[in-house]
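The structure appears right after this line, and notes come after that.
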Amino acid sequence: MGDSSFASGFKTGFGSAFLQFAFERLADFGSFAWKEIGLVLGVEDELRKFQRTFLKIQDLVDHVESSPLRFSGGSKAWQTWFEDLRKLAYDADALLDHVSLNLSTYCTKHSVSSHQENQVRPMILSSLQLDLPGEISKMQKKLDDLANEMKSLLKIEKVKMDICKHKTGKISYSGATYSSTSLLAVDDGAIVGRQQDKDNIVELLDEKYDDEVSVVPLVGMGGVGKTTLARLIFNDKKACYNYKLKIWISVSADFDVVRITKSMIESATEKTCYVSELDLLQRNLHQILISEGKFLLVLDDYWNENHDDWELLSLPFRSIFNGSKVIVTTRSSTVAKIVGSTEAYNLQVLSDDDCWRLMKQRAFFKRDDKEELELLGKEIAKKCDGLPLAAKTLGSVLHHQSTEDEWNSILRSDLWDLPQYENGVFPCLMLSYLHLPAHLQKCFAYCSIFPQNHEFEVEELVHVWMAEGFIQLQGQRRLEDIGSDYFDDLYSRSFFIQELKAALKNERLRTFLVMCKNGVTGGLIDHELFFNLKFLRVLDLSNIGLNALPDSIDHLIYLRYLNLCGNRFQYLPRSMCKLLVLQTLKLRNCPELVALPSDLKKLSNLRHLIFDVGGKLSFMPPELGRLTNLQTLSAFVARKQARNAKLETKSYLNKLVLQWEELSDGLDQQVRDQKMQLQAQVFTNLEPHKNLKELEIRNYSGIRCPDWLGDSTRKFTTIHLHGLGCCRTLPSFGQLPLLKSLHIGEMDALESVDHNFYGDGNAVKFPLLELLEVYQMPELVQWMASDGSISMPCLTTLRIDDCPNLTSLPPNLQALPDSNISRCPRL
């Protein structure tokens, strides 16, 4: 990235977003627990002073973030100041973690429960001999120096602004303009790839809605061409022939009802409006709109997500019934829901071919050397990610490059390093970022560490955000649910992950992602690798062919997220169980893994334990019931010690896979019977909490399933039964009120789906079931209908495969239009 003022402002913007998490954590210094710590260790005054000073710094940062000063941060001094403050924030956050970790270590070592911890905390803190006074004193001095330095920098910036204002008569912020990409005029011939979108929106405008004013929201990310498309429609005489009045208003982020209303009046009358009282303005506008007749109003670049503000703004035209229309362009689907009387029209990115067509309009303007550069141009167009704004900007850049070498250079370069691209595209994208709340800014900015086009599951991303401490507590809500809301909020605002790598620094490294096998020799990682990664919270070593994990992993004392999926190790080091703040451990696709560490029970903060069944893993570590925070247990290898897992206490557990060892064919019948009886007892003892939503059962060899599977108070939504080779009857799944998806296969002993499958009573059976799959049932002959009551009213999909002896289906299943029945010759 270059050294322009915009780039520097962008970097400092991301820096302050990352600072926000530390500000939130530092608020903890005022909590009862920290007051107690300060009292016990004699640092109460130091903590209070440190908190006060940091809050003052936060106010100054907020001031810079919300003022023009933010965008004049191009100097090295500003960049250094933000970086030093961020480092100090990390140090302060690490100090909190250090105290918390020492408390957790002591409680684990001495078997102190969470209830007892509150009672004995003063004694524990006194015994730890932590040098808090010295550490806080060092940070206080750094903080005072930074506060004084910032005051000096602000004075310098104010002088610069005053000089600029004196020279030009207006304030200029280093040439950086953060406005919409709105256009006053559009060349119809320069519009590429939007004809179908234009036709679709015109069709929406032509629809009748009882003659009331209808609002069509046009939604898309910054730079995708919303304004251009709206202007194309606005200027089309044929599309707008029946509108007597057309008004175009650029709303922008600075939402002011008086200003916008006045602008509507001035646009409609073509006269300056001197009225400033809102009530009078709205009355005048209402009369103008009625007298002029049917109108088309475009509110371009609308950001405000406050419903009351929209109600107030739209008051003058809400009571008009002449078929008038309003188009609102916005980046936010939340805005679309607030303003829209029709479903939002989501404007998608252009294809690579359309980007090239748009790009070459500018690149080859009044040039003859087209053929030799065209292949390179098409490759460069792929870097636009479908954004018309990027295509136009790159086209302008290429117009001034005349040789293949110069075009090749652009093809190989990072687009953000091009000054023209930085100044043309970045402001548009930056607007979206600046309008995010602080907690979403840091979550979005964090995504810049992933490679371009990296795909991840929402759940995975939320777990990483949690590990970094980005998710704010909200009462009793789970962090996972809050994080999911964060993602939904970003998605609703049309945020796509862009190349934001330049905002990151390697110092104070808290996330370490290995995206390839470089640095891994012979399936091993150098044991010294982890010695200097003190601040690490997220470690991803997935799919790099590891044969062993070094014992030195226990140096990562602040680690919260560990992804080891797709590796070849057989065992994990016991030292891993010293990672007392670990929240997420992922071990999927590790087929050689024989056992989990026996001390796994010590990881008291573990929330997500994710691994596969079906490999060499044959038993679970003891006393998993002590993992009281566990919310995801993706599998459980069932053994006779099952009751110790205490699954019934894990109310936040959403998904569970229970797998048994398959009984070998050569077993003596008496031994087989004993093992089958033991499995039945174990299955009964593995009863999970009633909140569990997804359950999968594999290779169970009992004759029947426990009654809790069909308990009508359970919240199962998805159930898989696979390989229950000795089971002769199905549980009463029909009584489960929330079940939507049911999969049953490889039950060799099942001959009949009888009335027990539906359950007792006259209530509707399977009231919400949508998908039913039955496969590989060699002995299944009969499928009875429900006895008198309605069954499966919501079923839409039926799949039956490889049931060679099945002779009939209930009438409601026979009549289902979307059914897929194969290898069932007797049906």
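In terms of the UniProt record's numbering, the numbers along the sequence shown are unbroken and rise by one, the last being 827.
Here a beta-carbon is modelled for each residue, glycine too, at the ideal position from N, C-alpha and C.
Using the rule of at least 16 other Cβ atoms within 10 Å of the residue's Cβ for burial, across every protein chain shown, is residue 467 buried or exposed? buried
Taking the beta strand (DSSP E) that residue 207 belongs to, which residues open and close that run? Note, residue 207: premise wrong, no beta strand (DSSP E); not H, not E.
If we require 3 or more residues per run, which beta strand (DSSP E) segments fall completely within the region 208 to 264? 214 to 219, 245 to 252
Whether or not the region 729 to 736 and the region 703 to 718 are in contact is what I'm after, with contact meaning three or more pairs of Cβ atoms, one per stretch, closer than 8 Å; do they touch? yes
Is DSSP giving residue 339 helix, strand or coil here? helix
Compute the Euclidean distance between the alpha carbons of residue 755 and residue 657, then round it to the nearest angstrom. 27 Å
If you compare alpha carbons, which of 697, 274, 401, 215 is closest to residue 345? 215
As a quick exercise: from 146, 97, 135, pick the residue whose alpha carbon is nearest that of residue 86. 146
By how many angstroms is the C-alpha of residue 610 removed from the C-alpha of residue 154? 50 Å
Are the CB atoms of residue 245 and residue 229 within a distance shorter than 9 Å? no
Sorted by chain position, which residues of the same chain lie with C-beta nearer than 8 Å to residue 810's C-beta, five sequence neighbours on each side aside? 783, 784, 785, 786, 791
Ignore the nearest five residues each way along the sequence and tell me which others in residue 363's own chain have a CB closer than 7 Å to its CB. 377, 395, 398, 399
Terminal residues of the beta strand (DSSP E) in which residue 300 lies: 295 to 302
Could you check if residue 673 belongs to the surroundings of the ligand MN, using beta carbon to heavy atom distance under 8 Å? Absence of the ligand MN is noted for the structure shown, with no ligands found whatsoever.
Note down the Cα distance separating residue 236 from residue 742, rounded to an integer number of angstroms. 54 Å
Should residue 672 and residue 703 be called a contact, given that it needs their Cβ atoms to be closer than 9 Å? no
Can the beta-carbon of residue 687 be found less than 9 Å from the beta-carbon of residue 648? yes
Taking residue 305 as the reference, which of 822, 332, 293 has the closest Cα? 332
Residue(s) in a DSSP beta bridge with residue 745: 722, 775
Exposed unless 16 or more other CB atoms sit within 10 angstroms - verdict on residue 211: exposed
Taking 6 Å as the limit between beta carbons, can you name the residues of its chain near residue 255, skipping five residues before and five after? 304
Do residue 650 and residue 689 count as a contact pair if the criterion is CB distance below 9 Å? yes
Over the uninterrupted alpha helix (DSSP H) stretch that includes residue 672, give me the two end residues. 669 to 685
Check whether residue 222 and residue 347 have beta carbons under 9 Å apart: no
Give the secondary structure of residue 848 by DSSP, where H, G and I count as helix, E and B as strand, and everything else as coil. Any property of residue 848 remains undetermined from this structure, which presents the chain solely from 1 to 827.
Could you tell me which of 550, 546, 358 sits nearest to residue 224, measuring between CA atoms? 358
Do you know offhand how far residue 133's Cα is from residue 46's? 7 Å
Can you grab the Cα-Cα spacing for the pair residue 817 / residue 764, in whole Å? 21 Å
Segment limits, beta strand (DSSP E) that includes residue 820: 819 to 822
Per-residue burial, residue 74 [other beta carbons within 10 Å of its own, 16 or more giving buried]: Low confidence applies here, because residue 74 scores a pLDDT of 48, under 50, leaving its location unreliable; read the following figure in that light. Answer is buried; the Cβ neighbour count reaches 16.
Would you grab the beta carbon distance between residue 789 and residue 820 for me? Rounded to a whole angstrom, and I think it's under 8 Å. Wrong, their Cβ atoms sit about 26 Å apart, outside the cutoff.
Close-in-space but distant-in-sequence residues of the same chain around residue 465 (CB under 8 Å, 5 per side omitted): 443, 446, 471, 483, 486
Assign residue 781 to one of three DSSP states: helix, strand, or coil. coil
Run the CB neighbour count on residue 89, radius 10 Å, all protein chains shown included, and call it buried at 16 or more, exposed below. buried
Report the three-state DSSP secondary structure of residue 610 (helix, strand or coil). strand
Simplified DSSP state of residue 760, which is helix, strand or coil: coil
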